[in-house]
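Before any comments, here is the structure.
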Amino acid sequence: MPSPDRSALDVGDRLPELRLPPIDRTTLALFAGASGDHNPIHIDLDFARRAGMPDVFAHGMLSMAWLGRLLTGWVPQAALRSFDARFVGIAHLGNAIRCGGRVVERLERDGELLLRVELEAVNQYGERKVLGEALIARGAGRPRTREPDS
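The sequence shown begins at 24 in the numbering used here and counts up one residue at a time.
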């Protein structure tokens with residue numbers, strides 16, 4: 024079935040879900056290197072325990088990056104007008120994050136037709152880790168139909 028034009032998308036339409044493998048220490052080390060965020064609470068078990076945590080845990084920006092990947096796997100990056108996130112829970116080792124979103128509003132701003140999309144990253148238990156919102160241009164092309172690579 025052909026993918027609809029963004030101009031045809033409506034309130035309630037959902038983005039294809041992005042499912043990630045369980046978070047492990049390698050994921051955290053790779054993200055620390057890629058992002059430059061070497062905060063020891065995310066990569067040093069002894070430091071995390073001294074801070075009162077049972078183990079290291081994921082950077083909040085890792086889950087936000089996965090939400091960004093969900094968006095750019097669905098629409099071209101050039102269609103993204105804004106992307107905001109709020110961190111609401113800690114993603115622990117072993118959490119398998121699922122990212123999803125849905126169109127919640129069609130609007131016009133400064134003469135441009137837009138879609139407001141609510142986003143969320145949850146773990147395998149349905150616990151929310153990051154909530155977000157994006158504005159996507161409704162014109163100029165079609166959403167991507169392939170699932171983003173995991």
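Glycine is no exception: its CB is placed at the ideal position from the N, C-alpha and C atoms.
By the criterion of a C-beta distance shorter than 7 Å, L130 is surrounded in its chain by L137 and R139, once the five residues flanking it on both sides are discounted. Exposed is the label assigned to S105, since fewer than 16 other Cβ atoms lie within 10 Å of its Cβ. One Cα belongs to A88, the other to D36, and the distance between them is close to 22 Å. A distance below 8 Å between beta-carbons, with the five flanking residues on each side excluded, links R121 to the following residues of its chain, in chain order: E40, L41, R42, L43, A144, V145, N146 and Q147. C-alpha of I46 to C-alpha of V34: approximately 32 Å in a straight line.
With fewer than 16 other Cβ atoms inside 10 Å of its own Cβ, R151 counts as exposed.
Counting only residues of its own chain and dropping the five nearest sequence neighbours on each side, D60 has a CB closer than 6 Å to the CB of H82. The Cβ-Cβ distance between V79 and V111 does not fall below 8 Å. Shown here, D107 sits in a strand according to DSSP, grouped into three states.
R72 is classed as exposed because its beta carbon has fewer than 16 other beta carbons within 10 Å across all chains shown.
Buried is the label assigned to R161, since at least 16 other Cβ atoms lie within 10 Å of its Cβ. Runs of alpha helix (DSSP H) with 4 or more residues, each lying fully within the region 59-117, are found at 68-73 and 83-97, listed in chain order. Note: V126 is bridge-paired with V140 in the DSSP secondary-structure output.
Between the C-alpha atoms of P63 and F70 there is a straight-line separation of about 6 Å.
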